[in-house]
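Residues in the sequence shown are numbered from 191 upward in steps of one, following the working numbering. Here is the structure we will look at, set down as structure tokens.
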Amino acid sequence: MQFDFSRLAAADRYKLMSASITPRPIAWVTSLSKAGIRNAAPYSFFNMMSAEPPLVALGLMRRPDGAYKDTCANILETGEFVVNLVAEADLDAMNFTCIDAPPGIDELHAGAIETVASIDVAPPRIVSAPVSMECRLKHRIDVSDASTVVLGEVTVFHIDDRFVDGERLHVDAAAMGLMARMHGAGWYARRPDMVRRDRPAWADFCEQAR
């Protein structure tokens, strides 16, 4: 079956893409308005884009009237945010911050989510997150009246000591138990079954083909 996206409504495109492009990592974004009001919200239009410079990308959907949601407004106003990754133990707290609260509500306070001061940016990071990345806005793309994409440069990377070998920089990703976004409303993935394939080498391929 084929779909001509130029003829499909945005809601239908969203339905097809978000249900097919899975699992997606979750950025639990904390930000701060110029007035000092904290905000927390999860985004699954998120991923790593580069290591040099260290960049992450966020796709931020707008309100139906085209207005920026708090996270996007705060990032554009201050140029700062923190991406916290979501462990299974934080699933309910993260889900609470999806709430359709009116603008200006501090979801961290409402959800009794513990934070700690960041080092390089004003927004706090979430204490229980296994990984938190302090970010500064590198670039914004207003792709439409419905969506803005931001690139953030990671300036400070926090990871729980339990999950990293500080000398080898080996991360025990499986032990972190990170959650991922799946198809449809309310569905998440945890501790998925994994398979391993080493990257092939061209020289080995040529040798075997002889």
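A virtual CB, placed ideally from N, CA and C, is assigned to each residue, including glycine.
Residue i - DSSP class collapsed to helix/strand/coil
i, result
"residue 211", "coil"
"residue 205", "helix"
"residue 308", "coil"
"residue 277", "strand"
Reference residue i, options the options, closest by Cα
i, options, result
"residue 340", "398, 317, 261 and 377", "261"
"residue 350", "325, 344, 362 and 213", "362"
"residue 278", "398, 382 and 225", "382"
"residue 285", "326, 371 and 344", "371"
"residue 377", "282, 344 and 358", "282"
"residue 252", "389, 357, 347 and 335", "335"
"residue 210", "344, 200, 373 and 270", "373"
"residue 327", "391, 392, 270 and 304", "270"
"residue 345", "387, 288, 308 and 389", "308"
"residue 226", "265, 368, 195 and 199", "265"
"residue 368", "280, 191, 254 and 230", "280"
Identified DSSP bridge partners for residue i
i, result
"residue 233", "217"
"residue 331", "339"
"residue 247", "237 and 341"
"residue 271", "325"
"residue 319", "According to DSSP, which records beta bridges pairwise, residue 319 is partnered with nothing at all."
"residue 228", "222"
Anticipated Cβ contact below 8 Å, residue i with residue j, distance rounded
i, j, result
"residue 313", "residue 221", "5 Å"
"residue 375", "residue 218", "Rounded, the Cβ-Cβ distance is 18 Å, inconsistent with contact."
"residue 147", "residue 215", "With the chain running from 191 to 400 in the structure shown, residue 147 is simply not present."
"residue 170", "residue 248", "Residue 170 lies beyond the residue range present for the chain, which begins at 191 and ends at 400; the question has no answer from this structure."
"residue 213", "residue 379", "5 Å"
"residue 324", "residue 272", "5 Å"
"residue 287", "residue 224", "Not a contact, Cβ separation roughly 21 Å."
"residue 316", "residue 303", "6 Å"
"residue 228", "residue 296", "5 Å"
"residue 298", "residue 391", "So it is not a contact: roughly 48 Å between Cβ atoms."
Jot down the residue ranges of each uninterrupted beta strand (DSSP E) in the region 348-394, minimum 3 residues, whole runs only, in chain order. 369-371 and 378-380
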